[in-house]
Amino acid sequence: MQLNAKELLAISQDSESKIFDYNQSIHQVIIDSRITVSNPQEVLFVALKGTQFDGHDFVKALIKKGFYNFLVEYIPTDLEDESVNFFVCEDSLSTLQDIAKKYRKKLRFPILGITGSNGKTVVKEFIYHLLCKEYHISRSPKSFNSQIGVPLSVLEAEEGSDYGVFEAGISEINEMRKLQEIILPEVGIFTNLGDAHQKNFESFSHKFSEKLQLFRDSKTLIIHEDLANQFYQEIKNALPNIKLLKWGETSTSEIRILEIIRKNNFTEITVQIKAEKYTFKIPFHGKIWEENALHTFAFLWCIKMLHPEVLKRFETLPSMSMRLEKTKGLYQSILINDAYSNDTQSLYRALETMKEGGGEKWLILSDFVDVFKDKKTFFTQLSKDLLQYPNYRIIGIGNDWQSFGYLFQNLIETHENAQNFLKSFDKTRLNNKRILIKGARRFAFEKIVEHFSQRPHSTILNVNLDYLKHNFQYFQTQIPQDTEIILMLKAFSYGVGAVELALELEKQAIWGFAVAYVNEGIELRNAGVKAKIMVLNHQDSSIDLMIKHHLEPEIFQSSMLVSWQNTLSSKKIDSYPVHIKLDTGMNRLGFKLGDDLFAIETIQECPNIQLASIFSHLADSFSEDGKSFTCQQINQFKERAQLFEKKLNQQIPQHILNTNGILNYPQASFDMVRLGIGLFGLSVAEKHQKNLLTVLSLTTFISQIKCLEKGEAVGYNRKFIAQKQTKIATIGMGYADGIPRKLGNGVWGVFIRGIFCPFVGDICMDMSMIDISHLKEISENDEVVLWDERFPILEEFAKKADSISYEILCGLSERIMRIYQRD
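In the numbering used here, the protein residues as written are 97 to 919.
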């Protein structure tokens, strides 16, 4: 982008502005003072104000770093005499949006706008993947679709692009009008409509109408026929002149689905447009992936890009979870895997993650496939930009790196391709390095990741941190705005990994965490977790440890209060926070009904104790049959909590709702709620399940394949005897890893290339056997899926084992590698 100081001054329109250089050009806009830039003098820092931060606090430090241009709501008192440009405005966010509107008018290429409750980012990335070989496409980085994200996305767009693809999301009324004025899309896609942020709208039709505002000046809107028919009147009222490009299964749709075939690891889709038929394959299973692909297909038809080569690329559509995987590598190295994209904007964002931790840092980079200007000029600028990131070395892979690697002072070496690199590389060089691996898909950098990864076990539990954040934010929409959330991380966070989740979720607006035992809380503290931590069960002998690590106890009987008071008094500690547990019908832990006055009297005799909250636990918050009992629990808790407040003459934070309580009894949210298994998109009612994402996937690999003749047996006790020639595979996961023995002998199985393969024989300790007779072209080391986002069947997996998802997750062995991904 390029704007100048005079243009910015005209936008801010404030007489308090102090401009030192009216001729200054602006080429980049940032809101985060931590971002490293190559030429700070040409960057505009926008000082935004939020509930927990104020960008004005960072202006002084940025001036010392050489920044020269600031959009502020006021000039900090000690900086009036600085020789920099201060553009003063009434509202920084509103002015940032105005700057983006000004720049948008300079863009001459067609722009697609995408909105909807889910799928915006996926559709955007699908379009980029299919078209980036022929066209230069500017697009929203990551999921930038908010009142802040949209203007930043547009301001990053390059004027010489062929297309722009920007997504827009809203959570309140009147927001979309502002985003529409920034994006001004010629073509629109409305992906779908869900429950997210519904509490801020009068009805679904109201929310739909608000989102439609993005397309009020558009020529064409791509939409599923069901959505178009359901909200026909809203579309007619808001967009009377727009052309609807509908896709669906009926003859009223311009793009009619003729057939969807799910086989192997592909889904084959055949559609008809007028008299023409098209068939394409996607490497996914599931309705949501089909919807995303069909939205993408409709856009390609709209711009006349349904060439055979482009249709063939549908088979290589990337999974959106394959971004920024952080895992352990060989020789104590840390690998940051971003091996599926290589545009410069995503590179710079990935480099920000490299700032964490010490030691030497390496960048393994492929050629940049999306370079539409002179390559020497491109690599010259890239070398200047990368010099802003200290303490790193580069390994360049590809012909362009071999041609222009000399421009980089910190280049280690170049190679023609990944295969040649791996042949010549000594793995001991990885020792204690932090390595970012980033490249275009055609360079097959996944082979480098696999080669460098520490693989003590072939089974992997993948945890998508972006999906986790999405689910957290969905639960936020189900409770009042001032209700706080306690996140349950007990039992190694249900087997997923407490430390990693705590460090990720601590960034959200939460009260803190709850763990089952003291050692779990200490582990979080040792990992650097600063948030509040409540311990649900402890012994008197651990009080000193809890105080040392600032852990807050659950108190469920008076003797515990006395023990805490004695310890706190001897240590001369005042107002230590504790949480009182009331038993309202769970009959597990807690003060029983009738013991309240005794508990209150004990608290009154403990001056060193501060009552941080009072809470209870619902016994049956999920089933319809338990509704009467649950309401009885809630009413009893409310009455008893009021008694505590009255007798102690103080307001006490209260909480009783667990995951399903949040969804089914939001009227009882009180001051806090406790969120656990729902974070992973599990164990909730169907009406909510559709708005949650599958956070976890569990995969392993085939160790060996054998052919059995009729009469041969498999495994211990010869439980399976082949009735005909049978091909079986042994996989590297057994009951010691978390597969219940009940699932053996055909009760359940796994998925290979999208096809179900039943277990044969008994499940063994470290491995299991499956029947693969019905599969073709299968080989050893092929991936085996127990569940993932394409096959979200953990609940069914648990049901077949006469269990629940909680037990299955908690039973996953710690020897299974956990990989934490983020987009």
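For every residue, glycine included, the Cβ atom is placed at its ideal position computed from N, Cα and C.
Since the structure is predicted, the reported quantities are computational estimates derived from the model, not experimental observations.
Classify residue i as helix, strand or coil using the three-state DSSP reduction.
i       : result
Ala-708 : strand
Gln-661 : helix
Asp-150 : strand
Tyr-328 : helix
Pro-703 : coil
Gln-917 : strand
Ala-605 : coil
Leu-251 : helix
Pro-854 : strand
Asn-527 : coil
Gly-722 : coil
Ser-417 : Note that Ser-417 scores 47 on pLDDT, short of 50, meaning its location in the model is unreliable; the coordinates nonetheless yield the value given after this. Of the three classes helix, strand and coil, the one that applies to Ser-417 here is coil, per DSSP.
Trp-844 : coil
Lys-114 : strand
Met-865 : strand
Ile-338 : coil
His-784 : helix
Exposed or buried, residue i, counting other C-beta atoms within 10 Å across all chains shown (16 or more means buried)?
i       : result
Gln-763 : exposed
His-403 : exposed
Thr-423 : buried
Ala-781 : exposed
Ser-299 : exposed
Thr-363 : buried
Cys-727 : exposed
Ile-639 : buried
Glu-169 : buried
Met-768 : buried
Phe-149 : exposed
Met-865 : buried
Asp-867 : buried
Met-584 : buried
Leu-561 : buried
Ala-594 : buried
Identify every residue that forms a DSSP beta bridge with residue i.
i       : result
Gly-260 : Ile-207, Ser-234
Asn-756 : DSSP output for Asn-756 lists no bridge partner at all.
Lys-534 : Asp-434, Leu-461
Gln-68  : The shown model of the chain, from 97 to 919, leaves out residue 68, and the question about it has no answer.
His-751 : Phe-711
His-511 : Ile-493
Leu-804 : Thr-822
Gln-124 : Val-139
Tyr-672 : Ile-705
Gln-574 : Bridge partners of Gln-574: none, in fact.
Going by C-alpha distance, which of the options is nearest residue i?
i       : options                            : result
Glu-456 : Ser-499, Lys-519, Glu-782, Ile-531 : Ile-531
Glu-263 : Gly-256, Arg-235, Asp-322          : Arg-235
Met-630 : Asp-636, Glu-616, Asp-640          : Glu-616
Ser-901 : Arg-814, Leu-759, Gly-772          : Gly-772
Ile-127 : Phe-141, Tyr-563, Pro-136          : Phe-141
Gly-920 : Asp-862, Asn-633, Glu-735          : With the chain represented from 97 up to 919, any question about residue 920 goes unanswered, as that position is not in the structure.
Ile-859 : Arg-849, Ile-874, Asn-841          : Asn-841
Val-139 : Leu-104, Gln-821, Arg-204, Thr-698 : Leu-104
His-646 : Ala-627, Tyr-831, Tyr-118, Thr-663 : Ala-627
Asp-110 : Ala-157, Glu-186, Asp-117          : Glu-186
Phe-521 : Ile-544, Ser-499, Gln-505          : Ile-544
His-320 : Glu-345, Asn-296, Glu-805          : Glu-345
By Cβ distance, which residues of its chain are closer than 6 Å to residue i, with the 5 residues on each side in sequence left out?
i       : result
Ile-710 : Ile-676, Ala-737, Phe-740, Ile-748, Gln-750
Val-843 : Lys-896
Leu-390 : Trp-343
Glu-596 : Tyr-916
Glu-580 : Trp-607, Met-768
Phe-776 : Val-791, Leu-792
Ile-351 : Trp-343, Val-367, Ile-369, Ala-394
Got a sec? Which residues, its chain only, sit under 7 Å from residue i by beta carbon, not counting five neighbours each side?
i       : result
Ile-670 : The sequence given here places Asp at residue 670; Ile does not occur at that position. Around Asp-670: Asn-704.
His-511 : Ile-493, Phe-517
Glu-277 : Lys-197
Ser-301 : Phe-327, Glu-330
Please go through the same chain and pick out, in chain order, the residues whose beta-carbon is closer than 8 Å to the beta-carbon of residue i, but skip the five residues on each side of it.
i       : result
Ala-894 : Ile-900, Ser-901, Glu-903, Ile-904
Leu-620 : Leu-585, Ala-594, Val-595, Ala-598, Phe-609, Val-611, Ile-629
Measure from the C-beta of residue i to each C-beta in chain C and report whether the shortest distance is under 9 Å.
i       : result
Gln-515 : Of the chains in the structure shown, none is chain C; there is only one protein chain.
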